[in-house]
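Here's the structure, in structure tokens; my notes come after.
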Amino acid sequence: MPYISEIYTSKPKEYKSDLEKIAFDTLEKLDIKYERIDTDELITMTDCLEADKKLNVDIVKTLFLANQQKTKFYLLLMSANKRFNTKNFSKSLNISRVSFASEEIMKTLLHTEIGCCSIFSILLESAKDVQLVIDSDVLKNEFYGCSDGTKTCYMKLKTDDIFNKLIPFSGHKFKIIEI
Numbered sequence: 001m002p003y004i005s006e007i008y009t010s011k012p013k014e015y016k017s018d019l020e021k022i023a024f025d026t027l028e029k030l031d032i033k034y035e036r037i038d039t040d041e042l043i044t045m046t047d048c049l050e051a052d053k054k055l056n057v058d059i060v061k062t063l064f065l066a067n068q069q070k071t072k073f074y075l076l077l078m079s080a081n082k083r084f085n086t087k088n089f090s091k092s093l094n095i096s097r098v099s100f101a102s103e104e105i106m107k108t109l110l111h112t113e114i115g116c117c118s119i120f121s122i123l124l125e126s127a128k129d130v131q132l133v134i135d136s137d138v139l140k141n142e143f144y145g146c147s148d149g150t151k152t153c154y155m156k157l158k159t160d161d162i163f164n165k166l167i168p169f170s171g172h173k174f175k176i177i178e179i
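Counted the way my numbering counts, the sequence shown spans residues 1 to 179.
In structure tokens form, the structure reads like this:
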């Protein structure tokens with residue numbers, strides 16, 4: 001069983017990445033309340049089940065996708081219990097097939113790596129052209145669970161704060177689809 005800390009309602013004393021600092025500074029600036037836990041590295045959605053239990057929230061599955069030419073990128077937020085289907089996703093957006101973006105592109109645009117893709121990457125200038133796509137079921141939950149862009153910190157925030165404060169602050173538009 002992985003290490004999971006007590007629940008905190010304040011930012012970490014030290015940051016592990018620039019993205020993590022940007023995330024917590026933005027939450028503070030927008031007066032978004034959260035609960036967070038520190039953990040061992042959690043990479044898979046199965047690993048995240050322990051974080052889910054501790055925070056009493058379902059961690060949202062966040063996927064980073066690219067078109068075949070690697071010229072258009074998509075950050076997909078979806079319910080963790082759903083399976084991703086490339087064909088259905090592409091059809092929903094009326095685009096040709098997509099695949100997972102490479103780790104190199106993920107590091108360049110989202111400043112994160114495989115296993116810790118996060119909504120907070122939309123705060124980065126490098127991600128300004130990434131299309132945000134959201135499974136409609138994510139909007140139905142009172143709370144939104146996610147990583148802070150690292151593999152060792154997970155958070156619980158109000159879904160309304162994500163969609164009414166954080167996303168508008170980022171300047172991103174988003175498309176809601178059924179998965």
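Where a beta carbon is used, it is the ideal one built from N, C-alpha and C, also for glycine.
Bear in mind the structure is a predicted one, so any value in this text is a computation, not a measurement.
Legend entry - Own chain residues within Cβ distance below 8 angstroms of residue 96, not counting five before or after: 67, 68 and 90
Legend entry - Reduced DSSP category for residue 62 - H, G, I as helix; E, B as strand; rest coil: Of the three classes helix, strand and coil, the one that applies to residue 62 here is strand, per DSSP.
Inset, instruction - Counting only the same chain and skipping the five closest in sequence on each side, list residues whose C-beta sits under 6 angstroms from that of residue 186. - result: As shown, the chain starts at 1 and ends at 179. That puts residue 186 outside it, with no answer to give.
Legend entry - Cβ neighbours of residue 50 in the same chain (closer than 7 angstroms, five flanking residues each side left out): In its chain, beyond the 5 residues on either side, 1, 2 and 4 have a beta carbon closer than 7 angstroms to the beta carbon of residue 50.
Legend entry - Beta-carbon separation (whole angstroms), residue 55 vs residue 64, contact threshold 8 angstroms: Going by Cβ atoms, the distance from residue 55 to residue 64 rounds to 23 angstroms, so no, they are not a contact pair.
Inset, instruction - Using only alpha-carbon positions, find the residue among 28, 121, 93 and 32 that is nearest to residue 164. - result: Nearest option by C-alpha distance: 32.
Legend entry - Neighbour-count burial assignment, residue 150, 16 or more Cβ in a 10 Å radius: buried
Inset, instruction - Let me know the secondary structure DSSP gives residue 75 once reduced to three states. - result: strand
Legend entry - Distance between residue 22 and residue 100 (C-alpha atoms, nearest Å): 25 angstroms
Inset, instruction - Throw me the rounded Cβ distance for the residue 105 and residue 62 pair, which I believe falls under 8 angstroms. - result: Their Cβ separation, rounded to whole angstroms, is 15 angstroms, which puts residue 105 and residue 62 out of contact at 8 angstroms.
Legend entry - Of the residues 114, 121 and 140, the one placed nearest residue 18, counting alpha carbons only: 121
Inset, instruction - Please say whether residue 109 and residue 126 have beta carbons closer to each other than 8 angstroms? - result: yes
Legend entry - residue 35 to residue 103 span [Cα, whole Å]: So the two alpha carbons sit approximately 28 angstroms from each other.
Legend entry - 8 angstroms Cβ cutoff met for residue 30 and residue 174: no
Inset, instruction - Indicate whether at least one CB of chain B lies closer than 8 angstroms to the CB of residue 44. - result: Going by chain labels, chain B is absent from the structure shown, which holds only one protein chain.
Inset, instruction - Excluding the 5 residues preceding and the 5 following residue 146 in the sequence, name in chain order all residues of the same chain whose CB lies nearer than 8 angstroms to its CB. - result: So the list reads 59, 60, 62, 118, 119, 120, 154, 155 and 157, once near-sequence residues are dropped.
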